[in-house]
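Below: the structure, in structure tokens.
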Amino acid sequence: MRADKSKTTRSIKIAGGQLDSILRMIEEDRYRVEISNQLLGKLII
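-10 is the number of the first residue of the sequence shown in my numbering; add one for each residue after it.
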């Protein structure tokens, strides 16, 4: 059970970091296609 909790916690932290990165791209008015590519890449994972 502890191993599952650890893996889940790690996965959620990684996802949170990826979302922070995408949010930063939006706030910086980055090119929309670039943001879309990042979003699609995260959906595949």
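Cβ coordinates follow ideal geometry from the N, Cα and C atoms, glycine included.
Residue range -9 to 16 is occupied by the alpha helix (DSSP H) that includes arginine -9. By a beta-carbon distance limit of 8 Å, isoleucine 11 contacts leucine 28. Their separation comes to about 6 Å. DSSP places arginine 19 outside both helix and strand once states are collapsed to three, so it counts as coil.
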